[in-house]
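Here the structure comes first, spelled out in structure tokens, and everything after it is commentary.
Residue numbers (our numbering), protein chains in the order written: chain A, 484 to 788; chain B, 3 to 280.
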């Protein structure tokens, strides 16, 4: 199994000279098994380039599985620009957490309402299916075994542990740490005081995450913020590399990949972050990589040749 | 009047080396009068770049006032809204002016963009700045501080967009983005009227002329449509705008070259970050 990063940025796409090397497109990761099975995690703007590649390689209509962490714009905006959707015969199965009162189909269909996009979902040639995921309820997608994990993000978010080809990786985005703020179903203008019940909920969420990540080979984690940025915006629903490292150390993970970079972080800053956390990780026995657009990672320790 | 292009890309923000000279951010254009009044057209991702500049001015202190004209609400024209930082500073007064989309209301559409499943902002009411959503009927004239604006509805695929003719300091800029005329060789009189004797015409040029045939009906113009409007209207200069996400810098250079060769009107491709004294 290998994974490829098509979009590594958080919040919104950031074109320009400052993001040429790490990339400016938003969340999208492709996992591929040795046999060629594919699963796409998140449908941010990086999905456009992935779709163009898939169409170039296409030998006939395909079925694609798309796992969504949540449906904030930066995680779904690529979907209307995913070119396989315009190839008749294509099937696209979208798996997501049901967070709002609306049906999932309405949420996804809503992004192609005529006010937002020229072609409504019903007019798109591909056939769409919608599946609701629930934290803790595991399922199989071809060569992959998928475990959804509840995360701490405004209006809910879900991470995925994905097992395949005898190894495993996990996609843990978007999430705040499990200490300062409990995200619920309302707008937070700032951090709210935690009740005892909130603290218990956070503890339970953290325990479940640690349990599911136990021994995972590679963890891709929302590390949007540097510590000083997090201190100013703890209620935005994102983590720092230090918080990700803490989780990975406890879960005995081999490798951490920094992901969902803040739109304000230039390539130079990303170089510094990459170097700083590579060194920090080494001391803790964890390989820390910083994702960039186009990066492909084999999952699992390479067999010695 | 001065103009600055903050986002010139159509449909989709493009990052990477191939898009550095013309820029990858989606549509947003700032106009400034000699006296310093501002007007913004469209809130694509380019607006997030302008926001950084504005935060260093009165907008960072909650004393900024800004009218924003929306041509329409396709995502590439409103994508920057949730990240336009002056919205988060109490005291700023921001007016969003646009036509109601067909069978919908402008305010409901923007609320839907910020609905809780799509955005943690959970609604316009959570923006700290004073935000007013004001609708007009295309054809109606608008009087904004420092600017006189004429509006007209123009066809954009299965919906309508608004074209703007903006006059300030005795100069006129016409903004015709996201338009496709039923007959490219014979643009609609409403478009020509808006561009009449304009000092600068900004026109949709999503498609290269040779690509247009396969993309007819998608709601966008080939580069030559802007030429016909500029020539018939007697516009003094033509800015090709709303570049295709597939158009690399080199491809845009080529379009400019070919388009220039067919007209006496000076033609250039709008580039992100560039200033122009109208």
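For every residue, glycine included, the Cβ atom is placed at its ideal position computed from N, Cα and C.
Since we're looking at a predicted model, the values are computed, not measured.
query	result
Helix, strand or coil at residue 54/B [DSSP, three-state]	helix
Nearest neighbour of residue 722/A, chosen from 769/A, 660/A, 687/A and 571/A [CA to CA]	660/A
Cutoff 9 Å: residue 594/A Cβ touching any chain B Cβ	yes
Element boundaries [beta strand (DSSP E), containing residue 176/B]	173-178
Collapsed DSSP secondary structure at residue 762/A in the structure displayed	helix
Three-way DSSP call (helix, strand, coil) for residue 715/A in this model	helix
Partners in chain A for residue 322/B, counting only beta-carbon separations shorter than 7 Å	This structure gives no information on residue 322/B, because the portion of chain B shown stretches from 3 to 280.
Closer than 9 Å at the beta carbon, the chain A residues around residue 273/B	The premise fails here: residue 273/B is roughly 12 Å from chain A at the closest Cβ pair, so nothing lies under 9 Å.
Residue 100/B beta carbon less than 9 Å from that of residue 49/B	no
When 531/A, 773/A, 637/A and 543/A are compared against residue 668/A, the one with the closest alpha-carbon	637/A
Backbone CA spacing between residue 258/B and residue 533/A [nearest angstrom]	30 Å
Cβ pair residue 271/B, residue 207/B closer than 9 Å	yes
Residue 493/A versus residue 121/B - alpha carbon distance	13 Å
Beta-carbon neighbours of residue 246/B, restricted to chain A and to distances below 7 Å	Going along chain A, no residue has its Cβ under 7 Å from residue 246/B, so there is no contact; the nearest lies around 12 Å.
C-beta neighbour in chain D for residue 82/B, strict 9 Å	Looking at the structure shown, chain D is missing, and the protein chains on hand are A and B.
Short CB-CB distance (under 9 Å) between residue 152/B and chain A	no
Own chain partners of residue 695/A with C-beta closer than 7 Å, once the 5 adjacent residues on each side are dropped	630, 632 and 644
Cβ pair residue 524/A, residue 511/A closer than 9 Å	yes
Best match in 92/B, 55/B, 53/B and 84/B for proximity to residue 65/B [C-alpha to C-alpha]	92/B
Collapsed DSSP secondary structure at residue 536/A in the structure displayed	helix
CB contact below 9 Å: residue 27/B versus chain A	yes
Same chain, Cβ closer than 7 Å to residue 102/B, five either side skipped, listed in chain order	108 and 137
Chain-ordered chain B contacts of residue 528/A [CB-CB under 8 Å]	14 and 15
C-beta contact flag for residue 13/B and residue 507/A at 9 Å	no
Within the segment 542-573 of chain A, ranges of the beta strand (DSSP E) (whole runs, at least 3 residues)	546-550
Neighbourhood of residue 567/A by C-beta distance below 8 Å, restricted to the same chain and skipping five residues each side	534, 537, 538, 541, 545, 547, 573, 575 and 609
Cutoff 9 Å: residue 200/B Cβ touching any chain A Cβ	no
Cβ-Cβ separation, residue 151/B to residue 165/B (assumed contact under 8 Å), whole Å	That belief does not hold up - the Cβ atoms of residue 165/B and residue 151/B are roughly 11 Å apart, past 8 Å.
Under the three-state DSSP convention, the category residue 229/B falls into	helix
Nearest-angstrom Cα separation, counted from residue 738/A out to residue 622/A	24 Å
Start-end ranges of the alpha helix (DSSP H) lying completely within the segment 635-714 of chain A, minimum 4 residues	679-696
C-alpha gap between residue 254/B and residue 212/B, whole angstroms	13 Å
Short CB-CB distance (under 9 Å) between residue 598/A and chain B	yes
Contact set between residue 494/A and chain B, taken where Cβ atoms lie within less than 7 Å	85
Chain A within 9 Å of residue 76/B, Cβ atoms only	yes
Neighbour flag for residue 103/B against chain A, beta carbons, 9 Å	yes
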